Amino acid sequence: MRVLGVNSVFHDPAAALVIDGEVVAAAEEERFSRRKHGKRPVPFSAWEQPAMAARWCLRQAGLTPADVDLIGFSYDPALVRPAADMGIDDAWDDLRTVYAARAPEFLADELPGLDPARAQFVRHHVAHAASAGLAAGPAAGSGAAGSGAAGSGDCAVLVCDGRGEQDSFLAGRYSGGQLEILATQPLPHSLGLLYEDLTAHLGFLRSSDEYKVMALASYGQPRFLDLIRAKVRPVPGGFRTDPVNWSELAPARPADGELTEAHADLAASVQRRLEEVLLALAGELHEQTGDQVLALAGGTALNCVANTVLHERSPFGKIWVQPAAGDAGTALGAALQIAADKGEPSWSMTDAGLGRGFTAAEVEAALRTARVPFERPADLAGATAEVLAGDGVVAWFQGRSEYGPRALGHRSLLAHPGRRANLDRLNDVKGREKFRPVAPMVLADKAPAIFSRGPLPSPYMLFVHDVAPDWRDRIPAVVHVDGTARVQTVDPRTQPLTAALLAAFEERTGLPVLVNTSLNTAGRPMVDDIRDALECFGSTPVDALAIGPFLVRRP
Ligand SMILES: [Fe+2]
């Protein structure tokens, strides 16, 4: 059976294609439209469909729209209540519901041949839950994420985001591919919306820049914690989030305004409280299920600091996080849930490279068209490591693009971790704020000697780790102000070329670590196709582009 999953209501529109239970393609619309997050999450944009991503998914499998058996939309308009009843202040919420109900027709209009009568609406938080609970698969039960061995595939699941149709949280349990819902939290109470409100108050972009607030929190002291605790508290089966008058604690910051100690302290206070409440929710869920594995999704699960607190302090033995934990991942989840409901075999995620890939011939043709001089080294990993060891910045474009917001060695910007100045250098290339850290990628078998506290292996960069004291001066570019790093471990079994690059770099420098940040410039989505890579290379001070088997050097 061919199931097309679609996320289109809020933001991060995306499509995923599941054939006979297997995910064959998944991609976010932003990678095609070159518009970050695809669209703003306002009611007026809810009609827009991820048509380019959906078209590509079908083409990837050699299918036409008429070949789709079922379409799963990750939002069920029948579950929405009037905004006033939900305590949501949005006079246009009805419009969103109207558009969501019409989504099958809107998509069919852009993909002629698609039959809107084959559409099913999947509850938003069930789609999130499936993206984690079903995709974690048997891998969740074994020690190494990505290795297929052992484990029953049964797990607890916790979803927390800004909002779905009428809820902001779901806790449950997957068994035999079926979800039992144990708790939900109706709006207006929402940990995600609380964090978004703070993001806007701090002068960042709501529903987009929440990770900047998390980074900022490490610079502050949680001196407003007691006040936040009074407003935000766990209750049996959920939580309460009463409105916080942010201005009483720290002045609203205009975009690009100065970040003060009060701003950092406020971020630290809310971050800490988020961790406390998630811990309480996870504790309650464990009491109900007794499971070893907890699968996480929903935008809050991109908070790698909170994920690490859950790993360290919750009663679960293992935390598995869907790398596309935000709304993009619900396209995958909606399709997986429909497939599971039809009794299709289960699939487990072992790599985030579910997007576009290109053959060597396609890359070569594009380089010739652009009249870019290039070489084809016999040892690409060695030649690239040489550039990095000489303190060059390298754009690394290999294999299929990542599904989800993290660059994981498919569309990455790499640099030498031993030079402290490389943090500023990369932030300059990308036009990023100075306070934001860059992350390390590390050979999986070398990671335990360097990184601790967070789980290892950590293939999707969704947890933070402590850097061993004797390593902090050796890899200063990737050590955050609080002595932590957000690690991606690279396993030669799943990413042989990137592992070979790390090994070649270690041979030259003694460091099995590289700085890894996403391949894009400020405000743009990650590079996805060859042309994006050439545009990025042409407009930034990047020293080399390793694309497929080819190396392009800046003259
Ligand atoms: Fe969501």
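For the sequence shown, this note's numbering gives the first residue as 1113, with consecutive numbering after it. Don't be surprised by glycine CBs; every beta carbon is placed ideally from N, CA and C. The structure presented is a predicted model; accordingly, all values stated were derived computationally and were not measured.
Query                                                                                                                                                                       : Result
Note down the Cα distance separating residue 1488 from residue 1662, rounded to an integer number of angstroms.                                                             : 5 Å
Is any non-hydrogen atom of ligand 1 found closer than 8 Å to the C-beta of residue 1655, if you look at the structure I gave you?                                          : no
Near residue 1270, which residues of its chain fall below 7 Å by C-beta distance, leaving aside the five closest residues on each side in sequence?                         : 1283, 1393, 1394, 1397, 1406 and 1408
Under a Cβ-count criterion, where at least 16 other Cβ atoms within 10 Å of its own Cβ denotes burial, should residue 1357 be classed as buried or exposed?                 : exposed
What does a CB cutoff of less than 6 Å around residue 1268 pick up in its chain, not counting 5 residues either side in sequence?                                           : 1285, 1397, 1401, 1403 and 1406
In whole angstroms, what is the alpha-carbon distance linking residue 1454 and residue 1132?                                                                                : 10 Å
Taking the beta strand (DSSP E) that residue 1292 falls in, what are its first and last residues?                                                                           : 1290 to 1298
Going by DSSP, what residues sit across from residue 1553 in a beta bridge?                                                                                                 : 1600 and 1626
In this structure, how does DSSP classify residue 1210 when only helix, strand and coil are distinguished?                                                                  : helix
Of the choices 1192, 1540, 1219 and 1331, whose alpha-carbon is the least far from that of residue 1097?                                                                    : The structure shown does not extend to residue 1097, since the chain is modelled only from 1113 through 1667, so no value can be given for it.
Hey, how far is the Cα of residue 1256 from the Cα of residue 1291?                                                                                                         : Low local confidence applies: a pLDDT of 38 at residue 1256 is under 50, so the model's placement there is unreliable, with the coordinate-based value given in what follows. Straight-line Cα distance between these residues: approximately 24 Å.
List in chain order the residues whose CB is within less than 5 Å of at least one heavy atom of ligand 1.                                                                   : 1273 and 1439
Could you check what DSSP says for residue 1255 in three-state terms: helix, strand or coil?                                                                                : Because residue 1255 carries a pLDDT of 38, less than 50, the predicted location of this residue cannot be relied on, and no value is offered for it.
Which residues in the same chain as residue 1451 place their Cβ atom closer than 7 Å to its Cβ, once the five residues preceding and following it in sequence are excluded? : 1113, 1115, 1130 and 1133
Would residue 1168 be called buried (16 or more neighbouring beta carbons within 10 Å of its own) or exposed?                                                               : buried
Tell me, which residues are paired with residue 1128 by DSSP?                                                                                                               : 1117 and 1138
Where do the ends of the beta strand (DSSP E) carrying residue 1286 lie?                                                                                                    : 1279 to 1287
Are residue 1420 and residue 1386 close, meaning C-beta to C-beta below 9 Å?                                                                                                : no
Using the rule of at least 16 other Cβ atoms within 10 Å of the residue's Cβ for burial, across every protein chain shown, is residue 1651 buried or exposed?               : exposed
May I ask which residues mark the beginning and end of the beta strand (DSSP E) holding residue 1346?                                                                       : 1344 to 1347
Please return the same chain residues whose Cβ sits closer than 7 Å to the Cβ of residue 1181, not counting the five positions on each side in sequence.                    : 1113, 1114, 1115 and 1230
Quick test of the definition: if touching needs 3 or more C-beta pairs under 8 Å, does the stretch 1633 to 1640 touch the stretch 1144 to 1164?                             : yes
State buried or exposed for residue 1673, treating a residue as buried only when at least 16 other CB atoms are found within 10 Å of its CB.                                : Nothing can be reported for residue 1673, as the shown portion of the chain is limited to 1113 through 1667.
Looking at ligand 2, does it come within less than 8 Å of residue 1182, judged from the CB to the closest heavy atom?                                                       : Ligands in the displayed structure: ligand 1; ligand 2 is not one of them.
Please give me, in chain order, every unbroken run of the alpha helix (DSSP H) with length at least 4 that falls completely inside the stretch 1617 to 1665.                : 1642 to 1651
From residue 1590 to residue 1627, what does the alpha carbon distance come to, in whole angstroms?                                                                         : 6 Å
Reducing DSSP to helix, strand and coil, say where residue 1542 ends up.                                                                                                    : helix
Under a three-way DSSP split, which group does residue 1408 fall into?                                                                                                      : strand
Are the beta-carbon atoms belonging to residue 1410 and residue 1438 less than 9 Å from one another?                                                                        : yes
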